[in-house]
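Have a look at the structure below before the remarks.
Protein chains in written order, with our numbering: chain A, 26 to 268; chain B, 1455 to 1731; chain C, 54 to 654.
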């Protein structure tokens, strides 16, 4: 982990975490995590349930208070900034738990993600570029989409404001293999256009095929990390995850 | 016929009185026990309007603006520290109601104030002479209901408010300034309460404690409606009908507690009240 | 502080200190009674009259404080019970005169009528999954209804003008003053003894964490209803005294506004302190009587402002401020002596291994159209330590919830020791021998470690309503948990000062103290350090090894699971996909795929 962080020059890092700790109430979930994501790089964050992956994303986003350490976006320190400020700074977020307003229309779900209605048409254009099927279904309730379609809506919503940094939580969960491939294509295209991503995953094969580097989180600490395409990566990660 | 008109207009008045409380409870999950005081403030706006010789209807915008401004202050200084203590928020807003009531007493005295009728006389409908103002109130209730519905369903603020009601965490993570949404909704709710105070002046005597008698009914209706304005309209119709019928056929005194008792029983049977229907 | 004393010295000091502190309230009460007994000649008539009323109101404040400050039930309804007591007195004395029989009837009616109504109100306010807000709503409706009934009572109740001119007790105003003083002192002393006794901790426990109470086998509903009814009776007696002392009763005495005034006095004096509300009520009511003549509105304005400020800035009221100053003084900081821990022999008889402790057949559960559990069959016998694993959303926590709360809507059958649990509330399932530990440590934040443990023993040993037991009897496994985690040296420490790990251990000790046959643990190691996890693992293994009880745990830490389980059950997308030994599961290709994220239904 430490050597992985060192390999990226600080100036080139889109996102830097230094000794980050956070948690809820008396419980500390994330413990002393240091990690960086370079410009146009995808880092996969792997680990089992309850190991602190989602909490780490929420800490970066300012939804969970930082208890120690520092989070830096480019050169901007993020401590104390509201999620609204982070969205304005170019952070996109695709949450995993209750990620959509199920009872609202798809259009309203998307409207809520843009700061003003004036920006909606342009954002929608971008969204349809990735997922054209949504074009005819804007009036539909989000809850009526299939599981895979909902994931595309969640990802599209995070992409449509041209973020610099994407935080993605288990986008492949419950999605058919063919659709998983499509999601991977979209994410890699975005990466190639310079977007940085921190991708939380449990689907190891998908994560390693997608990412440039991986890190494994266990009980809130990073226990392993390395280049994602290294031949031994998959075996090592599964050893950390399986029984 | 008379009974039908009574039921409709009673429901309309209940709706006018409760809608501001509902807006606040829906988004902030806080019960504004100073709601009665806001009704009183609104009614005194009508008194002031009359004193300085303006058209009585001018009291409506005045009451809305003053109600909303006071609401903004209350949200910032009293409600915000108590979001995590909802029962204490009931008490603090009750205390605020006392303070407002006493300030009004200091300024205007505790005597009953006379206000000009907003719309005098009676009209004949299908052979019945009926108070013109109650019919106007019915129209105004429909107008307020429509305005409220349009705000909720069509505007960006309404959308944000619904998002906060449904899932505040998600709303926040998408970059919605939920604190601002709460403030604005509280101001609007307080503004509507002020408006309702003006509209009550032809129906009730205006004194510093007038709001309290309306508070409990409005509170019970909002509990039953659970953040849905359509459910509130339904609750106003059902309980308004019960109130009119019991007052007419049994006793006016039992009629006056009908709303509170029936609402309590409905909540006991179905904690979500009317909102599920 | 005591921790620094040598053990022998501490043991010697404790009983003497305890005896002293036990006598202190009685001494204070006797002194107060004496002072108030001789006070009337030194006061003018106005003061005697007003203070008599203030002291009767203070009795009501004590009842509001017990309900709200201690048990967490914000109530505006005490005014209604007071009013009913007063009206019952006035009506009976008016009809039959102040004969011995009339007085006895008036006392009985003033006590019983409100208590019965209190029973009904309690039944209406408290039910499984009722909310505190609902109880407050009902407490608002009650005085409004009572006042309207008084209005419609015609000659019986005097309608809006109330009742005057009924016979009263043969006392002068000094006599009423002394009677009110004695009544106030007796009620306050009784309340003081109750809240400091073990049973009083149950009230605070209800306020802190009603769910935990239910999952300790206490019946929160019954406690709340009993408290409501008995304090309604006390309020009614205060009404009896008030009717006699003032010679007039009016609808306002029963009204919602008076109910809110009571709450204001208690809040200003300091909820949860008893003396704060008593002194606060007397002071505010007396001041009001003196000041409101000269500056009535300004006085109300000041009171309202102070109330808002206190609620926001100083929720503990003025008593909290005084208490903080007092504790800052060296004499004020006294640590209570901890109870002595003793081992209890286990009461659970060994279950025959033939009958499963838990039997689940065809269990299914859905939230709307979303199926969370489907076709679950499971049998667990004594001595087994079964781990429930599976990815997020597999339905593990939902399964645990169904096992411990029969009112969850599910289909299929769950039986504990042969008894079906469908429809049973959690406290009744605890009675069948099921103990549940929650994912987030669920303890009583305002109580001490010893109090939490004592509450866990309440279904077995009961709680003393008058005193604090000097010993704390716990089954050996619970003692082991305390010893291994060092909690046995922290018995007097307030729970909110414990670390996260200590809280988890305390909750485990509480659940073990219930002597369950089946123990359910939801992620007992979440957020714990390595050492703490090892301790919990050791405890669980020792518990089940004796072969008397079974444990089911949901766990994400698979290393931990592998170490301690006798059997592993794998859930995936609401179905039970694998049920076998540790080796079966560890070697399973299916489990590897599930965890690698490959298996999608």
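Just so it is clear, CB atoms sit at the ideal spot from N, CA and C, and this is done for glycine as well.
| Query | Result |
| --- | --- |
| Return yes when the Cβ of residue 1697 of chain B is within less than 8 Å of the Cβ of residue 353 of chain C, no when it is not. | no |
| If you follow the beta strand (DSSP E) that residue 241 of chain A is in, where does it begin and where does it stop? | 238 to 243 |
| Residue 57 of chain A lies in the beta strand (DSSP E); which residues open and close that run? | 52 to 63 |
| Can you give me the start and stop residues for the beta strand (DSSP E) that residue 412 of chain C sits inside? | 411 to 420 |
| Which one of C:101, C:520, C:409, C:642 has the shortest CA to CA distance from residue 225 of chain C? | C:101 |
| Exposed or buried, what is residue 583 of chain C when buried is set at 16 or more other beta-carbons lying within 10 Å of its beta-carbon? | exposed |
| State whether the stretch 318 to 334 of chain C contacts the stretch 369 to 376 of chain C, with contact taken as three or more CB pairs (one from each stretch) at a distance under 8 Å. | yes |
| Relative to chain C, which residues along the stretch 65 to 86 of chain A have a C-beta separation below 8 Å, given in chain order? | 73, 74, 75, 76 |
| How many whole angstroms separate the CB atoms of residue 80 of chain C and residue 215 of chain C, which I take to be in contact at a CB cut-off of 8 Å? | About 41 Å separates the two Cβ atoms, so there is no contact after all. |
| If you draw a straight line from the alpha carbon of residue 44 of chain A to that of residue 238 of chain A, how long is it in whole angstroms? | 19 Å |
| Using a C-beta cutoff of 8 Å, does residue 101 of chain A count as contacting chain B? | no |
| Which complete alpha helix (DSSP H) runs does the stretch 518 to 560 of chain C hold, if anything under 4 residues is left out? | 529 to 538 |
| According to the neighbour-count rule (16 or more other Cβ atoms, all chains shown, within 10 Å of its Cβ), is residue 383 of chain C buried or exposed? | exposed |
| Ignore the nearest five residues each way along the sequence and tell me which others in residue 505 of chain C's own chain have a CB closer than 7 Å to its CB. | 496, 497, 548, 559, 563 |
| Would you tell me roughly how many angstroms separate the C-alpha atoms of residue 531 of chain C and residue 561 of chain C, rounded to the nearest one? | 8 Å |
| How many whole angstroms separate the CB atoms of residue 204 of chain A and residue 245 of chain A, which I take to be in contact at a CB cut-off of 8 Å? | The pair is not a contact, with the Cβ atoms about 31 Å apart (cut-off 8 Å). |
| With H, G and I counted as helix, E and B as strand and the rest as coil, what does DSSP make of residue 73 of chain A? | coil |
| If you compare alpha carbons, which of A:217, A:47, A:254 is closest to residue 230 of chain A? | A:254 |
| Whose CA, out of C:440, C:455, C:598, lies closest to the CA of residue 620 of chain C? | C:440 |
| Mind listing the chain A neighbours of residue 579 of chain C? Cutoff is C-beta to C-beta under 8 Å, in chain order. | 52, 75 |
| Does DSSP put residue 286 of chain C in a helix, in a strand, or in coil? | helix |
| Could you tell me how far apart the beta carbons of residue 494 of chain C and residue 556 of chain C are, in whole angstroms, since I believe they sit closer than 8 Å? | 4 Å |
| Answer yes or no: does any C-beta atom of chain C fall closer than 8 Å to that of residue 1556 of chain B? | yes |
| State buried or exposed for residue 1607 of chain B, treating a residue as buried only when at least 16 other CB atoms are found within 10 Å of its CB. | exposed |
| If the criterion is Cβ atoms closer than 8 Å, does the pair residue 1541 of chain B and residue 392 of chain C meet it? | no |
| With a threshold of 7 Å on Cβ separation, who are the neighbours of residue 276 of chain C within its own chain once the five nearest residues in sequence on each side are excluded? | 255, 259 |
| Quick check for students: name the residue ranges of the alpha helix (DSSP H) that lie wholly in the stretch 336 to 394 of chain C, counting only runs of 4 or more. | 349 to 366, 370 to 381 |
| Just the chain A side, please: which residues come within less than 8 Å of residue 1631 of chain B by C-beta, in chain order? | 107, 109 |
| Considering only their Cβ atoms, is the gap separating residue 225 of chain A from residue 263 of chain A smaller than 8 Å? | no |
| Indicate the three-state DSSP secondary structure (helix, strand or coil) for residue 644 of chain C in the structure shown. | helix |
| Which whole-angstrom value describes the C-beta separation of residue 473 of chain C and residue 467 of chain C, a residue pair presumed to lie in contact below a C-beta threshold of 8 Å? | 7 Å |
| Under 8 Å between C-beta atoms, does residue 1492 of chain B make it to chain C? | no |
| Would a check of beta-carbon distances place residue 576 of chain C closer than 8 Å to chain A? | yes |
| So, is the C-beta of residue 61 of chain C closer than 8 Å to a C-beta in chain A? | The predicted position of residue 61 of chain C is uncertain, since its pLDDT is 44 and thus under 50; no value can be drawn from it. |
| Nearest chain A C-beta to residue 553 of chain C closer than 8 Å, yes or no? | yes |
| Measure the beta-carbon distance from residue 1617 of chain B to residue 1493 of chain B and round it to whole angstroms, keeping in mind my assumption that it falls under 8 Å. | Not a contact, Cβ separation roughly 29 Å. |
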